[in-house]
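Chemist: Could you have a look at this structure, given as structure tokens, before my questions?
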Amino acid sequence: MADYQSSNLNYGIRYEYRQPYVEANNNASNFDRSSLDILIANRGSNSRSLVDSNKANVMPRVGAAYMIDNATTVRSGFGMFYTAENDAREDILTKNYPFFTQDEYVNSPYYFAYNLDTGIARSTTVGLPSGASSIDLTKVPGAGNETVYSEPKNFPDGYSEMYNLTVQRMLPENISLEAGYVGGQSHKLSYAVGNYNVGNHLSNKIGKVQTLLPVGKSNYSALQAKVERLYGNGWSVLAAYTYAHSLDNGPAPFDLTSSSAPQNPFNLDPEYATSAADIKHNVTLSNQIELPFGRGKRYLHSARPLIDALVGGWQLNSIASFHTGTPVNIIANAGYADYPGLRPNLVTGQNPTLPPHLRTITQWFNTAAFTNTPGQSNSDPIPGNAGRNLVRGPGYTNEDFSLFKNFSLPETMNLQFRAEGFNLLNTPHFSNPNASRNSGSFGSITSASGPRIMQFALKLVY
0 MADYQSSNLN YGIRYEYRQP YVEANNNASN FDRSSLDILI ANRGSNSRSL
50 VDSNKANVMP RVGAAYMIDN ATTVRSGFGM FYTAENDARE DILTKNYPFF
100 TQDEYVNSPY YFAYNLDTGI ARSTTVGLPS GASSIDLTKV PGAGNETVYS
150 EPKNFPDGYS EMYNLTVQRM LPENISLEAG YVGGQSHKLS YAVGNYNVGN
200 HLSNKIGKVQ TLLPVGKSNY SALQAKVERL YGNGWSVLAA YTYAHSLDNG
250 PAPFDLTSSS APQNPFNLDP EYATSAADIK HNVTLSNQIE LPFGRGKRYL
300 HSARPLIDAL VGGWQLNSIA SFHTGTPVNI IANAGYADYP GLRPNLVTGQ
350 NPTLPPHLRT ITQWFNTAAF TNTPGQSNSD PIPGNAGRNL VRGPGYTNED
400 FSLFKNFSLP ETMNLQFRAE GFNLLNTPHF SNPNASRNSG SFGSITSASG
450 PRIMQFALKL VY
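See the structure below:
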């Protein structure tokens, strides 16, 4: 750290080492997509974790501030952050063949050929040669019905680079104005790309190969502005606005069965688009008032204890939030169990987004802008040409209000009564519309969330 008369500089380096997870009894395995072998934990040259540890997680960080004059300050910072993803990378290897089997049985041509009355359809024995470090999956009976999981031996931790630049200006009347840029990029994030054996890409002798790869990426940029005024005597107001755009090539935590799964696990470039959680415009207004009554306040500052207990210690708080809707990923058919992320085709000349005055609960976007992809099916996963997250759902409006009453108790104790109302005006918070092209409710909003909630509480501070 370096301090000067009108500036300050902070810098440092952080290092983290994350030990790979292991199964207590070594009942874990990993499918090797190159050799088509199941690698058994702690056998032969295989490690207990089956993935390498990450020893290069070095994170530089720096922050700087410069005071231009007594009322203006510029601040900037950069930081690098590694994080252990909540991606179940350690869990899926314990649910892998041969310690865990996941088979698919199709009741065809006879309905209910398998049912619980005849017992659970499963393998009762698994051939695991003594001392064997791997199993050739292509030689396992019934491997075509088996689902296995795969992740690379060299699986790096994802990391983010975050940076900002802000300018703060103090104005007359205790007004503070702040404006700035905030950004971030993430790399090598865990990405469940889905079945890597689609179209028998690896082999026609094996089934699904659900694959986790460090290929996720994201980018965030935002312009922020905030104005705050302190009136004194416990009264302050704040208004904040953010204009932002977030991009990524898949949703976190990259659910294997999500309708946002990639269309093609071998080509993720078309998936890079506006993030599912992108909020372009966001406005927040807040207000906090300590009522000027009771001891130490402007009015009744010499009130007797009983009067002070009635009129003193009151505080009003409110927060109003407004933001634009989040993106909606249009999919071809929710019934595509194996390829839920397949998208339809776009109709030439049609704009998927409707003008605001034409949007209704029963048709939020232009459903005529999408059409079925010729030949596309669950058995023939032909990608559609519609991009990811093309339309947006409804915006959000919310008002929260709270009333606090503080009671002074003997010694240093304090009792606070809280009455809080969330979504006080009971504004409907509509969910995103149905995004499945072949659904009867395609484009319709069928649910809402966040009704008015009132709660009361007592809080003792000692």
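Quick note: the sequence shown uses numbering that gives the first Met the number 0, first residue 0, plus one each step. The C-beta atom is built at its ideal place from N, Cα and C for all residues, glycine as well.
Here's a check: name, in chain order, each residue in its chain whose Cβ is nearer than 8 Å to the Cβ of V388, leaving out the five neighbours to either side.
Modeler: As written in the sequence, residue 388 is Asn, which differs from the Val given in the question. Closer than 8 Å at the Cβ level, and outside the excluded window around N388, lie A272, T273, S274, A275, D277, P326, V327 and N328.
Chemist: Could you compute how far the alpha carbon of H280 sits from the alpha carbon of I306?
Modeler: 46 Å
Chemist: With H, G and I counted as helix, E and B as strand and the rest as coil, what does DSSP make of H200?
Modeler: Reduced to three states, the DSSP call for H200 is coil.
Chemist: Could you have a look at T93 and say whether DSSP puts it in helix, strand or coil?
Modeler: helix
Chemist: Indicate the three-state DSSP secondary structure (helix, strand or coil) for A445 in the structure shown.
Modeler: One detail in the question is off: residue 445 reads as Thr in this sequence, not Ala. Of the three classes helix, strand and coil, the one that applies to T445 here is coil, per DSSP.
Chemist: Can you check which of these residues, G78, S132 and L211, is closest to S44 by C-alpha distance?
Modeler: S132
Chemist: For D247, count neighbouring Cβ atoms within 10 angstroms of its own Cβ and tell me buried if that reaches 16, exposed if not.
Modeler: buried
Chemist: Name the two residues that bound the continuous beta strand (DSSP E) containing P213.
Modeler: V208 to G231
Chemist: CB Y195 to CB M79, shorter than 8 Å?
Modeler: no
Chemist: At the level of alpha carbons, what is the spacing between A287 and A239?
Modeler: For the record, residue 287 in the displayed sequence is Gln; it is not Ala. For Q287 and A239, the distance between alpha carbons rounds to 15 Å.
Chemist: Quick test of your reading: I37 and L136, contact by CB under 8 Å. State the CB separation rounded to the nearest angstrom.
Modeler: 6 Å
Chemist: State yes or no: is the C-beta of V208 within less than 8 Å of the C-beta of R88?
Modeler: no
Chemist: Excluding five sequence neighbours on each side, which residues of the same chain lie with their C-beta closer than 6 Å to the C-beta of M463?
Modeler: As displayed, the chain neither begins before 0 nor continues past 461, which places residue 463 out of reach and without an answer.
Chemist: Given this structure, state the Cα-to-Cα distance separating R391 from S6, to the nearest angstrom.
Modeler: Taking C-alpha positions only, R391 is separated from S6 by approximately 44 Å.
Chemist: Counting pairs of Cβ atoms below 8 Å between the stretch 339 to 355 and the stretch 307 to 319, do you hit three or more?
Modeler: No, the stretch 339 to 355 does not touch the stretch 307 to 319.
Chemist: By alpha-carbon positions, which one of R417, N9, V181 and W363 ends up nearest to M161?
Modeler: V181
Chemist: Report yes if the CB atom of L127 is closer than 8 Å to the CB atom of N29, and no otherwise.
Modeler: Going by C-beta atoms, L127 is not nearer than 8 Å to N29.
Chemist: So, are the CB atoms of R436 and N365 less than 8 Å apart?
Modeler: no
Chemist: Measuring CA to CA, which of S34, L408 and G198 is closest to K138?
Modeler: S34
Chemist: Using the beta-carbon count (16 or more within 10 Å), is A367 buried or exposed?
Modeler: exposed
Chemist: Need the endpoints of the beta strand (DSSP E) that D247 sits in, please.
Modeler: Segment W234 to D247, the beta strand (DSSP E) holding D247.
Chemist: Exposed or buried, T347, counting other C-beta atoms within 10 Å across all chains shown (16 or more means buried)?
Modeler: exposed
Chemist: Judging by CA-CA distance, which residue of T445, S378, G386 and G334 is the nearest neighbour of W363?
Modeler: T445
Chemist: Using CA atoms only, rank isn't needed, just tell me which of A70, G324 and S301 is closest to L170.
Modeler: A70
Chemist: For Y109, which of helix, strand or coil comes out of DSSP?
Modeler: With a pLDDT of only 45 at Y109, under the threshold of 50, the placement of this residue in the model should not be trusted; the figure read from the coordinates follows. DSSP places Y109 in coil when its eight states are reduced to three.
Chemist: Considering only the beta carbon of each residue, do V192 and P97 sit closer than 8 Å?
Modeler: Not a contact, by the Cβ cut-off of 8 Å.
Chemist: Between the C-alpha atoms of F416 and S407, what's the straight-line distance to the nearest angstrom?
Modeler: 12 Å
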